[in-house]
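> Pasting a structure below so you can have a look.
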Amino acid sequence: MANETGHAVGNWKELSLSYEDASARLPEALQKEGFGVITQIDMQATLKAKLGVDFRRYTIFGACNPGLAHTALLKDPRVGVLLPCNVVLYEKEGGKVIVGAVDPMQTLGVGAGPELAKVADDVAQRLERVLAALAG
């Protein structure tokens, strides 16, 4: 998926699962990689309640791996603006389900320094395995 500049934002997979199945399996897939779901935002319900608009099924899961978050925060406390790691699940027209995750290597950029980049790379690999587990 690309933003207005044409650059890919995050990592995305189309699933063969239903929205309900993907939503039920996502926390377990995250847990296998050391993450817990610490927030869950139902954007469909939020937009209906706040704006009175109808919107597709769309949930943002805030995932945290406490050990990796702690390590990253020790290296640079400013990394907290990127926590938790967002994982998104939404339904496209026609019922296809999409899952995506933040790519910490994109959000930290090259200026992260080698130690923080190692943590970001570990997180990125774990989140990619989560997406692959759901898509597989």
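One point on numbering: in the numbering used here, the residue at position 64 of the sequence shown is 1455, and numbering is uninterrupted.
We put the CB at the ideal spot given by N, CA and C, even for glycine.
#1: In this structure, how does DSSP classify LEU1480 when only helix, strand and coil are distinguished?
#2: Expressed to the nearest angstrom, what Euclidean distance is found between the alpha-carbon atoms of GLY1425 and ILE1489?
#3: Among the residues of its own chain, which have a CB less than 8 Å from the CB of GLN1422, if the five just before and after it don't count?
#4: Taking contact to mean 3 or more Cβ pairs, one atom from each stretch, closer than 8 Å, check whether the stretch 1426-1436 and the stretch 1401-1412 are in contact.
#5: Determine whether the beta carbon atoms of GLY1471 and LEU1464 lie at a separation below 8 Å.
#6: Could you check how far apart the C-beta atoms of CYS1455 and LEU1473 are, in whole angstroms? I think they sit under 8 Å.
#7: Using only the alpha-carbon positions, how far apart do LEU1507 and LEU1499 sit?
#8: Under DSSP, the beta strand (DSSP E) around ASP1433 begins and ends at which residues?
The answer reads as follows:
#1: strand
#2: 22 Å
#3: none
#4: No: fewer than three Cβ pairs fall under 8 Å.
#5: Cβ distance < 8 Å, so GLY1471 and LEU1464 count as in contact.
#6: Actually they are not in contact, since the Cβ atoms of CYS1455 and LEU1473 sit about 11 Å apart, beyond 8 Å.
#7: Distance from the CA of LEU1507 to the CA of LEU1499, rounded to the nearest whole angstrom, comes to 9 Å.
#8: For ASP1433, the enclosing beta strand (DSSP E) begins and ends at 1427-1433.
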